[in-house]
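Here is the structure:
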């Protein structure tokens, strides 16, 4: 859409809308933005009921906590490929955090009695606390551990 026209234009996109758009992954969910908006609305209500805090603040804390600070990239040299640890740019940290949070919620909601809104709420609350029961935090720690060994 409008935010993909120029590089870094997506920085100006509201963070909630980024969350909504990253829920619309996997072919059967493509383009169902109204559904994604409804999920996020339910999620925020659940978060407010469970924590009593501002859901937006919970979302921001979750994104801060679940974006990896260090990652490893492939450096191919003379036919051998080795991994090199690199710092992650601020924009990519946000993108990665949103992706990990949504993936964790989607995986835990699949074939379970809990709705995606409940799973997303749990994921956000756990990620905001920084507790390792959250999928996003687990993956972040894993990425940073791999990067540390590749320094």
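Numbering (full-length UniProt numbering), first residue to last: 1 to 151.
For every residue, glycine included, the Cβ atom is placed at its ideal position computed from N, Cα and C.
Can you tell me the Cα-Cα spacing of residue i and residue j, whole angstroms?
i: residue 130; j: residue 6; result: 33 Å
i: residue 76; j: residue 138; result: 28 Å
i: residue 80; j: residue 143; result: 22 Å
i: residue 150; j: residue 34; result: 43 Å
i: residue 99; j: residue 59; result: 13 Å
i: residue 26; j: residue 148; result: 32 Å
Contact defined as beta carbons within less than 8 Å: I believe residue i pairs with residue j. What is the distance between those atoms, to the nearest angstrom?
i: residue 91; j: residue 11; result: 6 Å
i: residue 70; j: residue 94; result: Rounded, the Cβ-Cβ distance is 16 Å, inconsistent with contact.
i: residue 134; j: residue 104; result: 7 Å
Between which two residues does the alpha helix (DSSP H) harbouring residue i extend?
i: residue 108; result: 90 to 109
i: residue 80; result: Premise fails: residue 80 lies in the beta strand (DSSP E), 80 to 87, not in any alpha helix (DSSP H).
i: residue 66; result: 55 to 66
i: residue 12; result: It is not in any alpha helix (DSSP H) - residue 12 carries neither H nor E in the DSSP assignment.
i: residue 26; result: Note, residue 26: premise wrong, no alpha helix (DSSP H); not H, not E.
By the DSSP assignment, the beta strand (DSSP E) with residue i in it spans what residues?
i: residue 73; result: 70 to 77
Considering only C-alpha positions, which residue in the set the options is nearest to residue i?
i: residue 124; options: 1, 65, 13, 9; result: 65
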